[in-house]
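The block underneath contains the structure these notes are about, expressed in structure tokens.
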Amino acid sequence: MTPEIGRWEHDDAQLAAVRRGGGPSVRVYRVDGPVVVLGSGSDPAVEVRSGICLADGVPIVRRRGGGCAVVLDPGNVVVSIALPVAGLGGIHSHFRWISAWIAAELEELGIRGVRREGVSDLALDGRKIGGSCIHRAKDLLHYGLTLLADADVALIERYLPHPPREPDYRAGRPHRAFVRPLAEHPGGWTAIRLEEDLRARLTPARLLAFPRPPDRMPPRGKGGLSPAPRP
0 MTPEIGRWEH DDAQLAAVRR GGGPSVRVYR VDGPVVVLGS GSDPAVEVRS GICLADGVPI
60 VRRRGGGCAV VLDPGNVVVS IALPVAGLGG IHSHFRWISA WIAAELEELG IRGVRREGVS
120 DLALDGRKIG GSCIHRAKDL LHYGLTLLAD ADVALIERYL PHPPREPDYR AGRPHRAFVR
180 PLAEHPGGWT AIRLEEDLRA RLTPARLLAF PRPPDRMPPR GKGGLSPAPR P
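Numbering (numbering that gives the first Met the number 0), first residue to last: 0 to 230.
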């Protein structure tokens, strides 16, 4: 059965405000229940166990940004950043800049050693703690990040098969061995606590004050996405 695909609408008002000239905007929030979120080019037949989602009543929606499908639950914290940026380019430089800023703010909270891996992941000790995407429209850039605080990894295993492509550092690892929520790291973070602390720190003023990296930097390793190894 072909699943009904909805649209990710949580950031619509924020983006509309920036388009109207409202200036840079940062939001931090959580979702109410499990939801599968497709990337703009995701094929649900390949990336989602749609029959199980349907049986469990879990909605499937599509976001503006790219990347593979993800599962969000109340244990995730979403960071949504909308910036008025001239033109249509600058995706990779903004990934570097915003990822470095997020990592620095997490370090201030005591979460040390976060690194950008691949193009858009945040990782700690070689395991993914967050994934991001960018949607670029004329004169607007939208960066979306999901941080796994006390997320239920079993839901990822239930609703998503191994992705069709992956960053090199994943090295074929299954979900359970690749993803590690912050609750399992020192500090025992919960989504409620992380949301509250990040709301206090992640502001447009702090982002704009954070140094931008050079426009051209050598990639970390290969940096890109590779086809996932065959099982």
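Cβ atoms here follow ideal geometry from the backbone N, Cα and C, with glycine treated the same way.
Here the C-alpha atom of Arg-95 lies approximately 24 Å from the C-alpha atom of Gly-21. In this structure, Gly-143 sits near Arg-62, with a CB-CB distance shorter than 8 Å.
For Gly-143, the enclosing beta strand (DSSP E) has its first and last residue at 139-147. Burial is judged here by how many other beta carbons sit within 10 angstroms of a residue's own beta carbon; Lys-137 has fewer than 16 and is exposed. Look at Arg-29 here: in three-state DSSP terms it is coil, with no helix or strand label. Pairing Val-30 with Leu-159 gives a Cβ-Cβ distance that is not under 8 Å. Bounds of any beta strand (DSSP E) do not take in Leu-154; it lies within the alpha helix (DSSP H) bounded by 152-158. Around the beta carbon of Ser-119, 16 or more other beta carbons sit within 10 angstroms, so the residue counts as buried.
By a beta-carbon distance limit of 8 Å, Ala-81 contacts Leu-139. Their separation comes to about 7 Å.
DSSP places Arg-200 inside the alpha helix (DSSP H), whose first and last residues are 190-200. Annotation for Glu-165: the continuous beta strand (DSSP E) segment containing it runs 164-166. Using a Cβ distance threshold of 8 Å, Lys-127 and Val-178 count as a contacting pair. Apart from sequence neighbours up to five positions away, the residues of its chain that approach Asp-10 with a beta-carbon distance below 6 Å are Ser-79, ordered along the chain.
Each residue's CA atom was taken as its position, placing Ala-176 and Gly-32 some 24 Å apart.
By the CB criterion at 8 Å, Trp-7 and Val-57 fall outside the cutoff. Excluding the 5 residues flanking it on each side, Ala-122 has same chain C-beta neighbours closer than 6 Å at Arg-114, Glu-116, in chain order. Per DSSP, reduced to three states, the secondary structure at Val-76 is strand.
Boundaries of the beta strand (DSSP E) around Cys-132: 126-136. The Cβ-Cβ distance between Leu-193 and Val-76 falls below 8 Å. With a 10 Å radius around the Cβ and a threshold of 16 neighbouring Cβ atoms, Leu-87 comes out exposed. When beta bridges are read from the DSSP output, Gly-5 appears opposite Val-60. For Glu-116, the pairing in a beta bridge is given by DSSP as Asp-120. Exposure of Val-45 is indicated by the presence of fewer than 16 other C-beta atoms within 10 angstroms of its C-beta. Taking C-beta separations shorter than 7 Å and ignoring five residues to either side along the sequence, the partners of Ile-155 in its chain run Val-70, His-174, Val-178, following chain order.
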